[in-house]
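Written below as structure tokens is the structure these notes are about.
In my numbering, the protein residues as written are 149 to 582.
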């Protein structure tokens with residue numbers, strides 16, 4: 149068996165034993181969650197396990213799984229037995245991982261919780277709390293969430309594998325775009341090459357052609373091909389053992405002013421990835437991005453104001469309105485991005501970057517996204533015209549770029565002290581691309 153998993157399990161046991169000592173607990177019960185259903189329907193939503201449960205398991209956790217963590221003992225996995233002829237069997241996954249667990253098969257009516265220690269606490273969806281008579285513990289979520297930001301080697305490996313799967317999909321999507329296919333067909337090419345269904349994606353993939361590339365979370369997939377598709381923005385990932393990749397690329401067909409903007413933003417993105425190292429405040433990296441966007445607006449004759457004037461008038465935020473990145477892990481926007489410490493104290497973003505999801509100082513083996521963008525969003529441009537009389541922007545040139553939509557380039561980066569590891573670029577380069 150991969151030795152990284154036992155090491156990972158040992159790290160989690162140490163973290164949780166520290167938590168139990170801190171909160172004076174004898175056990176922590178973690179629930180993966182239950183299936184939920186559409187209103188007045190027997191059709192269920194796609195299931196995603198609670199990340200606190202998924203973190204312990206080297207396979208995708210299903211519904212109705214419970215973990216019992218106690219100091220000095222093997223963790224216990226309560227595995228649901230389903231007497232069900234409607235669905236596929238639900239056997240416990242085989243493998244050497246079982247050597248590190250007590251496995252307790254349980255039917256729905258089995259009262260496996262009756263022998264839990266009195267001082268037990270609950271993590272996960274709360275639907276079973278009353279039935280099990282286990283209390284939630286104030287502060288426990290924040291305590292374990294804070295530690296999730298720093299990844300173990302097992303988690304890094306899973307994130308690398310998630311990147312590899314997604315990169316195969318991105319390369320296929322690029323070829324589908326160049327072949328003139330529709331948003332739907334481009335997305336299907338991504339899914340096929342990354343070997344996943346749409347419900348297995350860690351987040352709904354974004355596939356935007358032309359003006360749709362200016363919609364930050366564009367949620368549709370047009371079924372008809374666009375005769376003059378100029379731009380493809382694809383923001384899509386894959387997962388491995390629940391760990392997500394989150395990758396964005398922007399492509400255009402021609403060598404023109406817009407392709408020059410893509411090249412400029414790509415250069416900026418790589419410099420920001422290099423800046424993101426241990427001990428650096430992520431707010432500072434975001435600020436560097438705003439400076440870089442202002443420089444691009446100058447260099448490409450979009451705004452004539454100096455960088456200082458642009459920053460004062462918040463011109464870069466018109467074209468780059470979101471945060472630079474976030475923690476990445478079992479959740480695409482991983483938990484704890486605003487936490488200062490394990491007590492749950494928060495450091496919220498300021499009004500210069502209200503959507504910044506990460507305000508922490510970077511630590512060794514955090515994994516984050518770096519995703520600068522440059523968009524031509526009519527709503528924001530009109531707002532700038534109304535509120536900033538002396539904006540210095542060439543509106544005619546902006547109108548030229550609006551049909552292209554926008555640009556986002558996003559890599560997944562493992563933080564290191566000297567030179568961080570770009571999980572995304574390394575994988576693209578191994579495939580002969582960027």
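Heads up, the beta-carbon is just placed ideally off N, CA and C, and yes, glycines get one too. Computed from a predicted structure; not experimentally measured.
Check whether the Cβ atoms of residue i and residue j sit closer than 8 Å, and answer yes or no.
{"i": "residue 310", "j": "residue 340", "result": "no"}
{"i": "residue 212", "j": "residue 192", "result": "no"}
{"i": "residue 314", "j": "residue 424", "result": "no"}
{"i": "residue 520", "j": "residue 437", "result": "yes"}
{"i": "residue 510", "j": "residue 427", "result": "yes"}
{"i": "residue 260", "j": "residue 269", "result": "no"}
{"i": "residue 186", "j": "residue 273", "result": "no"}
{"i": "residue 533", "j": "residue 539", "result": "yes"}
{"i": "residue 571", "j": "residue 308", "result": "yes"}
{"i": "residue 431", "j": "residue 557", "result": "no"}
{"i": "residue 300", "j": "residue 487", "result": "no"}
{"i": "residue 236", "j": "residue 514", "result": "no"}
{"i": "residue 287", "j": "residue 491", "result": "yes"}
{"i": "residue 400", "j": "residue 407", "result": "yes"}
{"i": "residue 392", "j": "residue 480", "result": "yes"}
{"i": "residue 417", "j": "residue 231", "result": "no"}
{"i": "residue 214", "j": "residue 226", "result": "yes"}
{"i": "residue 484", "j": "residue 293", "result": "yes"}
{"i": "residue 482", "j": "residue 475", "result": "yes"}
{"i": "residue 242", "j": "residue 551", "result": "no"}
{"i": "residue 249", "j": "residue 222", "result": "yes"}
Where does residue i fall in DSSP's three states?
{"i": "residue 558", "result": "strand"}
{"i": "residue 487", "result": "strand"}
{"i": "residue 551", "result": "helix"}
{"i": "residue 534", "result": "helix"}
{"i": "residue 149", "result": "Residue confidence for residue 149 is low, a pLDDT of 48 falling below 50, so the modelled location carries little weight and cannot support an answer."}
{"i": "residue 338", "result": "helix"}
{"i": "residue 206", "result": "coil"}
{"i": "residue 572", "result": "helix"}
{"i": "residue 200", "result": "helix"}
{"i": "residue 184", "result": "coil"}
{"i": "residue 159", "result": "helix"}
{"i": "residue 384", "result": "strand"}
{"i": "residue 453", "result": "coil"}
{"i": "residue 440", "result": "helix"}
{"i": "residue 216", "result": "strand"}
{"i": "residue 228", "result": "strand"}
{"i": "residue 356", "result": "strand"}
{"i": "residue 311", "result": "helix"}
{"i": "residue 546", "result": "helix"}
{"i": "residue 173", "result": "coil"}
{"i": "residue 522", "result": "strand"}
{"i": "residue 285", "result": "coil"}
{"i": "residue 167", "result": "helix"}
{"i": "residue 295", "result": "helix"}
{"i": "residue 192", "result": "strand"}
Figure out for me which residue from the options has the closest Cα to the Cα of residue i.
{"i": "residue 409", "options": "481, 555 and 486", "result": "555"}
{"i": "residue 523", "options": "161, 413, 262 and 221", "result": "413"}
{"i": "residue 280", "options": "177, 225, 252 and 323", "result": "177"}
{"i": "residue 295", "options": "200, 383, 306 and 206", "result": "200"}
{"i": "residue 224", "options": "486, 238, 151 and 205", "result": "205"}
{"i": "residue 478", "options": "188, 350, 324 and 189", "result": "350"}
{"i": "residue 467", "options": "308, 155 and 439", "result": "439"}
{"i": "residue 283", "options": "266, 445 and 293", "result": "266"}
{"i": "residue 152", "options": "305, 237, 165 and 233", "result": "305"}
{"i": "residue 564", "options": "502, 444, 421 and 501", "result": "421"}
{"i": "residue 353", "options": "324, 394, 388 and 325", "result": "394"}
{"i": "residue 220", "options": "324, 189, 166 and 256", "result": "166"}
{"i": "residue 434", "options": "175, 218, 517 and 337", "result": "517"}
{"i": "residue 366", "options": "384, 158 and 490", "result": "384"}
{"i": "residue 389", "options": "503, 194 and 203", "result": "203"}
{"i": "residue 535", "options": "446, 462 and 473", "result": "462"}
{"i": "residue 229", "options": "569, 210 and 174", "result": "210"}
{"i": "residue 525", "options": "470, 537 and 495", "result": "470"}
{"i": "residue 173", "options": "364, 194, 183 and 271", "result": "271"}
{"i": "residue 405", "options": "370, 444, 371 and 419", "result": "444"}
Please confirm whether residue i has its beta-carbon closer than 8 Å to some beta-carbon of chain D.
{"i": "residue 300", "result": "The chain inventory of the structure shown lacks chain D, comprising one protein chain alone."}
Segments assigned beta strand (DSSP E), at least 3 residues, entirely inside the region 250-280: Listed in chain order, they are 250-254 and 268-271.
To test your reading of the DSSP string, which unbroken beta strand (DSSP E) runs of 3 or more residues are found completely within the region 395-419? The qualifying runs are 395-400.
Meets three-Cβ-pair contact criterion under 8 Å: the region 376-392 and the region 320-337: The way I'd put it, the region 376-392 does touch the region 320-337; three or more beta-carbon pairs between them come closer than 8 Å.
Beta strand (DSSP E) runs wholly inside the region 459-505, at least 3 long, in chain order: Here no run is fully enclosed.
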